[in-house]
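> Before anything else, here's the structure in question.
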């Protein structure tokens, strides 16, 4: 009974927050299959029911790297008014894909940013994301890489001996970039970081990739500055399943974290108002069939009308 009342209360608060932000449309960038056909987009008016756009066909075909993939697409609205996107362009390259757009329809020439070109032992560059720091007017691009022999392999049974840490570069204009630096080393295999402002601090939501003893869950760390240092993470916020690719949405005082229950071939979601007590709302969300790791961002209703022609 108490659980039912809590869910009812959360639902009422959630609906009120949605109505208060009715001028925005929530967008979800994602990929399907192996990412070979490119960028997919879905939209939602309430953060729960997500509908694929363009008949779930690709909005942008990948052109960079030998593999020509577009996995884990992350889109943010920049301070310059453009939408900036990064993505995993290959399973084994030392770079990531980048492009920008004024309207999500017309995209700049795709580039490969060679973020790990100076690391001979780098095996990959996976799940890149972008976060903007308004105080310094700086964008931080970050991703997960395994560099052979760089860190002790605590989890000796890790798949193919991957041992990821999170690295980053910064830029103010997407033309010149800082050198690559280590962003986050919690002492174990970690991947799929996404970072959002939280008051005067920054919150990192990421996947603990440890296989033995099994974790494969989502955790949170905090920092006073976007570039860190980040705190030791807390315990898992997801349940008894393997989860990856978290992305966040805040509606009023309600946080939602979406993630891929990849072994179960379905998406999950949890919600909280204090980032401590989490309620599973996986059964309340509806996602496009076959959706894979992506990110949530917001656009105006006017932008949505131009995007859909409605």
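Residue numbers (this note's numbering): 241 to 550. Glycine included, every Cβ here is placed at the ideal spot set by N, Cα and C. Keep in mind the model is a prediction, meaning the values are calculated, not measured.
1. Is the beta carbon of residue 422 closer than 8 angstroms to that of residue 382?
2. Excluding the 5 residues flanking residue 373 on each side, which residues of the same chain have their C-beta closer than 6 angstroms to its C-beta?
3. Tell me whether the beta-carbon of residue 307 lies closer than 8 angstroms to the beta-carbon of residue 327.
4. Since residue 443 and residue 417 should fall inside the 8 angstroms C-beta cutoff, what is the C-beta to C-beta distance between them, to a whole number of angstroms?
5. So, with DSSP's three-state summary, where would you put residue 401?
6. So the candidates are 331, 356, 377; which of them puts its Cα closest to the Cα of residue 400?
7. What are the boundary residues of the beta strand (DSSP E) that residue 340 is part of?
8. Alpha carbon to alpha carbon, how far is residue 509 from residue 478?
9. Apply the 10 Å Cβ neighbour rule to residue 367 and answer buried if 16 or more other Cβ atoms are within range, or exposed otherwise.
10. I need the straight-line Cα distance from residue 472 to residue 322, nearest angstrom please.
11. By how many angstroms is the C-alpha of residue 316 removed from the C-alpha of residue 324?
12. Indicate whether residue 336 and residue 355 have their beta-carbon atoms separated by less than 8 angstroms.
13. If you draw a straight line from the alpha carbon of residue 295 to that of residue 282, how long is it in whole angstroms?
14. Using a Cβ-Cβ cut-off of 7 angstroms (strictly less than) and excluding sequence neighbours within five positions of residue 532, which residues of its own chain qualify?
15. Classify residue 261 as helix, strand or coil using the three-state DSSP reduction.
16. For residue 511 versus residue 521, is the C-beta distance shorter than 8 angstroms?
17. What is the DSSP secondary structure of residue 295, reduced to helix, strand or coil?
18. Measuring straight from C-alpha to C-alpha, what distance separates residue 452 and residue 548?
19. Identify every residue that forms a DSSP beta bridge with residue 326.
20. As a quick exercise: from 404, 380, 398, pick the residue whose alpha carbon is nearest that of residue 391.
21. By the DSSP assignment, the beta strand (DSSP E) with residue 218 in it spans what residues?
Taking the structure as given:
1. no
2. 466
3. no
4. Actually they do not touch by this definition, with Cβ atoms about 24 angstroms apart.
5. Here DSSP, grouped into helix, strand and coil, assigns residue 401 to helix.
6. 331
7. Segment 336-341, the beta strand (DSSP E) holding residue 340.
8. 9 angstroms
9. Burial check for residue 367: the Cβ neighbour count within 10 Å reaches 16 or more, so the residue is buried.
10. 34 angstroms
11. About 6 angstroms.
12. yes
13. 10 angstroms
14. 270, 271, 272, 500
15. Residue placement at residue 261 is poorly supported in this model, since its pLDDT is 49, which falls under 50; the coordinates are not used for a value here.
16. yes
17. helix
18. 46 angstroms
19. Residue pairing for residue 326: DSSP places it in a beta bridge opposite 314, 338.
20. 404
21. There is no way to answer for residue 218, as the model of the chain reaches only from 241 to 550.
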